[in-house]
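These protein sequence lines map, in sequence, to chains A and B. Counting the first sequence from 1 gives a position; this note's numbering is that position plus 1049. Counting the second sequence from 1 gives a position; this note's numbering is that position plus 181. C-beta: ideal position from N, C-alpha, C; glycine also. Notes for the one structure printed next.
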Amino acid sequence: MDTLTASQSLIWFQPELALVATIVAVFLVDLVVAGRAWREIPAAVVSALGLALVAVLSWQQWSAGTQSIFQGMAAVDPFAVFFKLLIAAATLSALIFLFRSNEMIGDASGEAYALVLVMALCGMLLASANNLLMVYLALEGVSIASYVLAGYSRRNPRASEAALKYVIYGGVASGVMLFGLSYLYGVTGTLDLTLMRERLSSLASASTGPATAFNGVLLVAAAFVIVGIGYKVAAVPFHMWCPDVYEGAPTPIAALFSVVPKAAGLAVLIRFFYVGLSYGTSGGEFIAIQSLPWVALFGIVAAATMTVGNFAACWQTNLKRLLAYSSIAHVGYALMGFVVLGESGLSALLYYLAIYAVMNLGAFFCVVAVRNATGSEDLDGVRGLGTRDPLTAAAFTVFLLSLVGLPPFAGFVGKYFLFAAVLERAGAWYDALVVVAAVNTAVSLFFYAKILKAMYLTKAVDPLPIRVPGGQLLAVLVFAAITLVLGFWAPGISRVKGAADGALVFVGYGYRDAQVASLADCPGRDRNP
Amino acid sequence: MVPIGHYLVLAGTLFAIGAAGVVSRRNAIVALMSIEIMLNAAILAFLAFARLHGDLRGHAMAFFVMAVAAAEAAVGLAIVVAVFRRRATVNLDELRELKG
């Protein structure tokens, strides 16, 4: 496989370089205007322009094929580009709500923008990491930036507590994952994911005798890695930090936490397990190396994640906490696509992730708008919102119904693709998984409807109309329009689905035509057994 | 030369000590120290395997892990200070404002 050296790679690294330059610029600009009343404006403008540039540069990589850059450390392939665009778009829209958020007043705000950008940068690196060192560094980069952001509003004692819990859970998870990575390195002698798969398969075929010890080490290593990444995407049983952190963090930051780290975590999960630990076949299905049962592990994790998330959400009265549990549940749905071990499942997962990003950010943004106007983030805060601010209430309704998965909203189409992908696979376990998901969907209607009831059927504590700033209202309405249009407008749906299908091209993969040529460089290794 | 098994047993023991420390000790600073022990156990395992394979990438990994661990400790301790200023305690059991 052709891997580019450092100097050749730079041209493929433009989006990340642009983001690094933006981060430095935000810090410098913030220093120059320190102490002024309008100091937030330059930082916000520079961040937004930088992110827009990053999105454009990433977009140009979409059709540029695949490259393995920095001697195999990172991959530039449509899969990575899909996630880069998702992360850039999510961060850009969150900036609108971070700007002049009254949860951040009094704290140095330029730093907040820079930290958000650092999180986005490390998320992008995580999505393109093709080497265990990069996986670890990018994961820690996302984590450390999130620790600081979680405790950002220093005057709020709950924020510091949330940040402390986050650090301790996160430290344990990364330590466990690192230990698992060391065993993978020990077994294979390489940190490169593509090489790792080749070495594992040749080791597996060489050890014709008792392969139990070899399998045992691999399974322990894979389980340890699942701890590390499962914590990042808040999959049960590594989800305990999630509600606390969302409640303690400033609301726009919590909105970002529900998308950027989760998307990046799912990206690295897919790359690690599909590129590192399984083969692709020409039929678009994958086979796990040594028939390791990690797929079964993920099936259990997915079912547990959606069940715990949905049932715990039923008792919540704090909107951020409720949405935190709802985001846990949605990761559970998305993981169903991971369990399928086929391209249809992965494509459904990516589609769902894109839809989830829109509807979940939208729901969080409605909470931000309500919180800024009323100072409350409880269920009581949205009481009577239907009369106090009909537009925001209508948008919130669209997001909530879409999160349930009701037609004609985008969430329904996303769930449809996921369920269909799982049902395509024959087997009682797959059917059981779909039944669990369907029951969960019904349960989730209960707590989403609780918010709807508060908005439309109860009297407001304070009946005065509230005013949401124009820019924020516009953003919420645009998100609601996307959620609505992607629920029934077939050309739009097929376009997004086409992007999700097209994103399933990985560096170092043997079965795609584009990749066949590079196979010739690796003699003696059979990639398609 | 010390056989690899010795290193791996030591790394496994250190990892277990670290994990037990996080789970059983309630002081936030001790918990952070236990996490460091877990990371060091992983570093030791990486170095032992690097020696076994005669490969330098494991050594490179060790350096990066040390740097990241330092960054994480800095952020972690800063957060402990922030918590202590507000609540005058760093006992994890007494920090129970967030629940539900």
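Counted within 10 angstroms of its Cβ, other Cβ atoms place residue i as buried (16 or more) or exposed
{"i": "A/Q1116", "result": "buried"}
{"i": "A/H1288", "result": "buried"}
{"i": "B/R207", "result": "exposed"}
{"i": "A/T1490", "result": "buried"}
{"i": "A/G1291", "result": "Looking at the sequence shown, residue 1291 of chain A is not Gly but Cys. The residue is buried, with at least 16 neighbouring Cβ atoms inside 10 Å."}
{"i": "A/H1379", "result": "buried"}
{"i": "A/G1519", "result": "exposed"}
{"i": "A/K1214", "result": "buried"}
{"i": "A/G1084", "result": "exposed"}
{"i": "B/R238", "result": "buried"}
{"i": "A/F1387", "result": "buried"}
{"i": "A/F1495", "result": "exposed"}
{"i": "B/G186", "result": "exposed"}
{"i": "A/D1126", "result": "buried"}
{"i": "A/W1087", "result": "exposed"}
{"i": "A/G1394", "result": "buried"}
{"i": "A/I1542", "result": "buried"}
Within chain B, partners of residue i - CB distance below 9 Å
{"i": "A/E1210", "result": "V264, R267, R268, L276, R277, E278, L279"}
{"i": "A/S1254", "result": "In chain order: nothing, as chain B lies at least about 20 Å away."}
7 Å Cβ cut-off: residues of chain B touching residue i
{"i": "A/V1531", "result": "The amino acid at residue 1531 of chain A is misidentified as Val; the sequence shows Ile. Here the premise fails: no neighbours, minimum Cβ distance about 31 Å."}
{"i": "A/L1186", "result": "F245, V249"}
{"i": "A/Y1234", "result": "F227, F230, G239"}
{"i": "A/L1227", "result": "L220, A223, V246"}
{"i": "A/R1203", "result": "A263"}
{"i": "A/S1231", "result": "A223, A226, F227, F230"}
Assigned secondary structure, residue i (DSSP; H/G/I helix, E/B strand, else coil)
{"i": "A/R1574", "result": "Residue placement at A/R1574 cannot be trusted, given a pLDDT of 36 that sits under 50; what the coordinates show is reported in the next sentence. Three-state DSSP puts A/R1574 in coil, outside helix and strand."}
{"i": "B/A263", "result": "helix"}
{"i": "B/N208", "result": "strand"}
{"i": "A/Y1083", "result": "Correcting the residue type first, residue 1083 of chain A is Ala in the shown sequence and not Tyr. The answer is coil: DSSP assigns A/A1083 none of H, G, I, E or B."}
{"i": "A/T1239", "result": "coil"}
{"i": "A/N1179", "result": "coil"}
{"i": "B/N221", "result": "helix"}
{"i": "A/N1264", "result": "helix"}
{"i": "A/T1052", "result": "strand"}
{"i": "A/N1489", "result": "helix"}
Residue i CB to nearest heavy atom of the ligand COA below 7 Å
{"i": "A/A1345", "result": "Inclusion of the ligand COA in the displayed structure is not the case, the ligand content being empty and no account of it being possible."}
Residues that residue i contacts on chain A, provided the C-beta gap is smaller than 9 Å
{"i": "B/I260", "result": "Y1196, V1197, A1199, G1200, S1209, A1212, L1213, Y1215, V1216"}
Chain-ordered neighbours of residue i on chain B, where CB pairs are closer than 8 Å
{"i": "A/V1221", "result": "A200, V203, I216, M219"}
Neighbour flag for residue i against chain A, beta carbons, 8 Å
{"i": "B/L191", "result": "no"}
{"i": "B/H309", "result": "What is shown of chain B runs 182 to 281, which leaves residue 309 of chain B out entirely."}
{"i": "B/M242", "result": "yes"}
Cutoff 8 Å: residue i Cβ touching any chain B Cβ
{"i": "A/E1296", "result": "yes"}
{"i": "A/L1206", "result": "The question names Leu, but residue 1206 of chain A in the sequence shown is Pro. Judged by the 8 Å Cβ criterion, A/P1206 is in contact with chain B."}
{"i": "A/E1392", "result": "no"}
{"i": "A/L1182", "result": "yes"}
{"i": "A/E1152", "result": "no"}
{"i": "A/F1293", "result": "Reading off the sequence shown, one finds Asp at residue 1293 of chain A, where the question assumed Phe. Chain B contact via Cβ: present."}
{"i": "A/E1189", "result": "yes"}
{"i": "A/L1240", "result": "yes"}
{"i": "A/G1224", "result": "yes"}
{"i": "A/A1569", "result": "Residue placement at A/A1569 cannot be trusted, given a pLDDT of 36 that sits under 50; the coordinates are not used to answer."}
Contacts that residue i makes with chain A (C-beta to C-beta distance below 8 Å)
{"i": "B/V256", "result": "I1193, Y1196, V1197, V1216"}
{"i": "B/A197", "result": "Result: empty, since nearest Cβ-Cβ is about 10 Å, beyond 8 Å."}
CB contact below 8 Å: residue i versus chain D
{"i": "A/E1247", "result": "Protein chains in the displayed structure are A and B, and chain D is not among them."}
Completely contained alpha helix (DSSP H) runs for the stretch 1354-1442 of chain A, where each covers 4 or more residues:
Listed in chain order, they are 1368-1388, 1392-1423, 1434-1437.
At 3 residues or longer, what runs of the beta strand (DSSP E) sit wholly inside the stretch 1287-1362 of chain A?
1327-1329, 1335-1337
In chain order, which continuous runs of the beta strand (DSSP E) of length 3 or greater are located wholly inside the stretch 1116-1177 of chain A?
1116-1118, 1123-1125
List in chain order: all unbroken alpha helix (DSSP H) runs of 4+ residues lying wholly within the stretch 1450-1488 of chain A.
1459-1473
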